[in-house]
Amino acid sequence: MNDEDVFLEQDVDLNYLTHLRQHAQKTRLHLQGLDPSPLQPFYTESPASYWTSAEKSAFFHALSIHSRLRPDLIAECVKTKNAVDICAYIDMLEDGARIEGSGVNRSEMEAAMEVSDKWIELEEEKATAIIGHERKWEAEAAKIARDREIKVKKPPKAKKGEAKSAEERKRERVEFRLWRKEQHRQWNKEDIMRSMGVAHLKVIDNLLREEEETQAATATSRQNTVEPPPVPSDEEMIDPVLRSNPMPTPGLSTSTPPVEPVSSAIPSPLSPASRRRLQKRLYMRRKRAEATGRTELLSVEGSTVVQRGKPGRKSKPRKKRKTEEGDAVVDDDQEDDEEEEEDARHSHIGGKTRHYKIKGLLESTDMDAETLDKNGLGLFHLSALFKLMRMYNLLHNVGPDVSTEISADAVQFLHAHVVRYVTELIRRAIVSREQERDMKAHTKVWRFNSEQVLSATIDHAMQLAGTTSIGTKESIIEGVFERLDVLSAEVASDADVSGEEEDDQSAEDDALAGAKDQEIVAPTFNLHQGMYVPLIRLPGSSKEDYGYQRTSFEPEEPLLPLTTDEEALAAELLQEEELDVQDGIVAEKDENRLWGEYSRRSNRAAAAVARDDEQDGNELRLKAPGLDGPVKSQVYVIDSDTE
Numbered sequence: 001m002n003d004e005d006v007f008l009e010q011d012v013d014l015n016y017l018t019h020l021r022q023h024a025q026k027t028r029l030h031l032q033g034l035d036p037s038p039l040q041p042f043y044t045e046s047p048a049s050y051w052t053s054a055e056k057s058a059f060f061h062a063l064s065i066h067s068r069l070r071p072d073l074i075a076e077c078v079k080t081k082n083a084v085d086i087c088a089y090i091d092m093l094e095d096g097a098r099i100e101g102s103g104v105n106r107s108e109m110e111a112a113m114e115v116s117d118k119w120i121e122l123e124e125e126k127a128t129a130i131i132g133h134e135r136k137w138e139a140e141a142a143k144i145a146r147d148r149e150i151k152v153k154k155p156p157k158a159k160k161g162e163a164k165s166a167e168e169r170k171r172e173r174v175e176f177r178l179w180r181k182e183q184h185r186q187w188n189k190e191d192i193m194r195s196m197g198v199a200h201l202k203v204i205d206n207l208l209r210e211e212e213e214t215q216a217a218t219a220t221s222r223q224n225t226v227e228p229p230p231v232p233s234d235e236e237m238i239d240p241v242l243r244s245n246p247m248p249t250p251g252l253s254t255s256t257p258p259v260e261p262v263s264s265a266i267p268s269p270l271s272p273a274s275r276r277r278l279q280k281r282l283y284m285r286r287k288r289a290e291a292t293g294r295t296e297l298l299s300v301e302g303s304t305v306v307q308r309g310k311p312g313r314k315s316k317p318r319k320k321r322k323t324e325e326g327d328a329v330v331d332d333d334q335e336d337d338e339e340e341e342e343d344a345r346h347s348h349i350g351g352k353t354r355h356y357k358i359k360g361l362l363e364s365t366d367m368d369a370e371t372l373d374k375n376g377l378g379l380f381h382l383s384a385l386f387k388l389m390r391m392y393n394l395l396h397n398v399g400p401d402v403s404t405e406i407s408a409d410a411v412q413f414l415h416a417h418v419v420r421y422v423t424e425l426i427r428r429a430i431v432s433r434e435q436e437r438d439m440k441a442h443t444k445v446w447r448f449n450s451e452q453v454l455s456a457t458i459d460h461a462m463q464l465a466g467t468t469s470i471g472t473k474e475s476i477i478e479g480v481f482e483r484l485d486v487l488s489a490e491v492a493s494d495a496d497v498s499g500e501e502e503d504d505q506s507a508e509d510d511a512l513a514g515a516k517d518q519e520i521v522a523p524t525f526n527l528h529q530g531m532y533v534p535l536i537r538l539p540g541s542s543k544e545d546y547g548y549q550r551t552s553f554e555p556e557e558p559l560l561p562l563t564t565d566e567e568a569l570a571a572e573l574l575q576e577e578e579l580d581v582q583d584g585i586v587a588e589k590d591e592n593r594l595w596g597e598y599s600r601r602s603n604r605a606a607a608a609v610a611r612d613d614e615q616d617g618n619e620l621r622l623k624a625p626g627l628d629g630p631v632k633s634q635v636y637v638i639d640s641d642t643e
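Written as structure tokens, this is what we have:
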């Protein structure tokens, strides 16, 4: 299978697909700072340097990301220039802009192109067919790239006269197998993180919850194993005379208390099926206790300890059966005995469920709770995040046949936003608390006795950050409904019609309310920002003729004039209308160009299909040609003896 076979689908318009891929490639190059029309290289005199087209593209791309006051960050993006070269280049650009004097007119700026509704409908129609095949295309493209990588990494055959020894060939094969095994593990991890459904999110939540319970149990056991401090004996405080006359020892009692018989863990009056079931329950309870580190649950008496409940199936009501005395409630053990006796003939060994299959796949790729937390997947309750995804589907009328999934990159993006907001909030709260302490430290009325940050300080920091109030989950959802002009009753009815939730989603709200705060990791910076002190360029302090420094103390003119010139305003509005008309003409020409390219591709594709059909219809057949007709091949040779 080659690369072109991946995109051969019956309901996909290849002409629009080609147009879409070209547009996506141009956008990707623009975001990366790779301009398809390269700039001209040039020399600079002070300092003497040569700027290539690639360096200039990297410079202007970095200038759009970082401030011109940070030449060190721009130099880090260019890679081949230092901060001095960057400052010299910026000075040259500022000198050129000052010499020119006039800025860019609005008529010279590129207009924002607009297309008609007809073209938008065409794109929506073609894009709908493409969306259904994107996942398969990505999977096939990834498979092709991985096969190529394996083929390149595979040890080549030895050339003639360059044979390798048996040990060397064996070593290469072993290294190749280890590399391929590691790559397959990494590829499986990428496939899982690329698209995570509701089952993946629940498994990850379970792994994180089990890790939290294990850590809590370990901390509790450590506290219980701490020995109490030794209590000093009072023997030294007793009088020596009293210690020399010991008390008479009482006689031994002949009657010993009865020894209580040790109750067995498994009661004897049980049927064989109930005994096996109870043994299995005790075994599973012991394994869970060993996994969580809670060894006090190993005994039957200790099984009454209340544990944190996990989402699962609800218990079914007990059945009733008719007896001579009336209705009697059937016990669970008796009911299980009857069911086991009935199903003993049709025993079936079931396989792993989807939950445990995904869990085994995560364990095979070394995705444990610690790794998930390091990758930014341990902050949110992912099951609750899936509820938001389902709510989005209900609000946008997404069909049930469309699978709802999310990538790990999206979760990490949300994690980065939360970390950034909380970090900024903590910084503002600390600064506000320190300013309050410095302001009130020398007053006699107010005394600073606590170093803790109060809740009022956090509220003040939230106001400084632009957040008035976080609110509850219900208020936030109601606010979303109000912004979307949707009633919550409609969403609730849609949720009831779409079906009931799965069994283990009933306890997600309790888990979300009782969840512990996760450790917030500070955002990471690049190597340059982590090693070097920021280098700030101040143009006003280096050159006096820029006009940044104010030498006059006269009052400045107001930004808006006190009186309005009606004639100038009318002329400006008329100029804006003329410019808008010109932009509309340019947009219409651009849309005609798009239609022309699409039609040209369609005609070219139709001609290619017709040519292929014509070739298929004119295949060479083994039949006797006419005597007068020319023979164009040697497949059939006319016999001269037929006459």
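Note that full-length UniProt numbering has the sequence shown beginning at 1, numbered continuously upward. Backbone N, C-alpha and C define an ideal beta-carbon position, used for all residues, glycine too.
The closest CA to that of Arg390, considering only Ile406, Leu282, Leu178, Met113, is found on Ile406. Every unbroken stretch of the beta strand (DSSP E) spanning 3 or more residues and falling wholly within the region 5 to 89 is given here in chain order: 42 to 44, 49 to 51. Residue state for Ile204 is assigned as helix, using DSSP reduced to three classes. Distance from the CA atom of Gly471 to the CA atom of Gln435, rounded to whole angstroms, is 28 Å. With respect to Leu207, Leu372 sits close: the two C-beta atoms are nearer than 9 Å. The residues Gln183, Trp187, in chain order, have a CB closer than 8 Å to that of Arg146 in the same chain once the five nearest residues on each side in sequence are set aside. Selection Glu578, Lys79, Leu395 evaluated against Glu482 yields Leu395 as nearest (Cα-Cα).
Under a 10 Å Cβ-count criterion, Thr365 is classified as buried, with 16 or more other Cβ atoms of the shown protein chains found around its own Cβ. Closest in C-alpha terms to Leu20, from the list Lys287, Ala129, Met92, Thr52, comes Ala129.
Here the alpha carbon of Thr423 sits roughly 22 Å from the alpha carbon of Ile65. Exclusion of the five residues before and after His415 leaves Gly376, Leu377, Leu379, Phe380 as the residues of its chain whose Cβ lies within less than 8 Å of its Cβ. Contact annotation: the region 112 to 124 touches the region 581 to 592, with at least three C-beta pairs closer than 8 Å. An exposed status is given to Leu569, since fewer than 16 other beta-carbon atoms sit within 10 Å of its beta-carbon.
Annotated three-state conformation of Met196 is strand, per DSSP. Residue burial annotation: Lys359 is buried, with at least 16 other C-beta atoms found within 10 angstroms of its C-beta. For Leu69, the CB contacts under 6 Å within the same chain, skipping 5 residues up- and downstream, are Ile536, Arg537 in chain order. By alpha-carbon distance to Val402, the top candidate from Leu278, Glu121, Gly197, Asp565 is Gly197. Here the C-alpha atom of Tyr598 lies approximately 19 Å from the C-alpha atom of Thr27. In terms of CA proximity to Leu382, Ala408 leads the group Glu123, Ala408, Gln575.
Taking 9 Å as the cut-off, the beta carbon of Arg428 is found no closer than this to the beta carbon of Ala456. With respect to the 9 Å criterion, Ile192 and Met439 are not classified as neighbours on the basis of their beta carbons. Per DSSP, the unbroken alpha helix (DSSP H) holding Glu370 starts and ends at 369 to 374. In the structure shown, Ile536 adopts coil according to DSSP, grouped into three states. Within the same chain, Cβ atoms closer than 8 Å to the Cβ of Cys87 are found at Pro71, Arg537, the five residues on either side in sequence being excluded. Apart from the 5 residues on each side of it in sequence, His61 sits with its Cβ closer than 6 Å to the Cβ of Gly33 in its chain, given in chain order. Selection Gln452, Glu576, Leu282, Pro38 evaluated against Ser53 yields Pro38 as nearest (Cα-Cα). Rounded to whole angstroms, Leu562 and Ser107 show a C-alpha spacing of 29 Å. For Pro272, the enclosing alpha helix (DSSP H) has its first and last residue at 272 to 292. Here the alpha carbons of Arg177 and Lys164 stand approximately 18 Å from one another.
When beta bridges are read from the DSSP output, Ile406 appears opposite Met196. In this structure, the alpha-carbon of Asp565 lies about 24 Å from that of Val104.
Met92 sits in a helix when the DSSP states are folded into three classes.
Between Thr214 and Ala291, the C-beta gap is smaller than 9 Å, which places the two residues in contact. The straight-line gap separating the alpha-carbon atoms of Gln452 and Leu31 is approximately 45 Å. Taking C-beta atoms as the reference points, Pro155 and Arg173 count as a pair closer than 9 Å. By the Cβ-count criterion, Glu138 is exposed, with fewer than 16 other Cβ atoms from all chains shown falling within 10 Å of its own Cβ.
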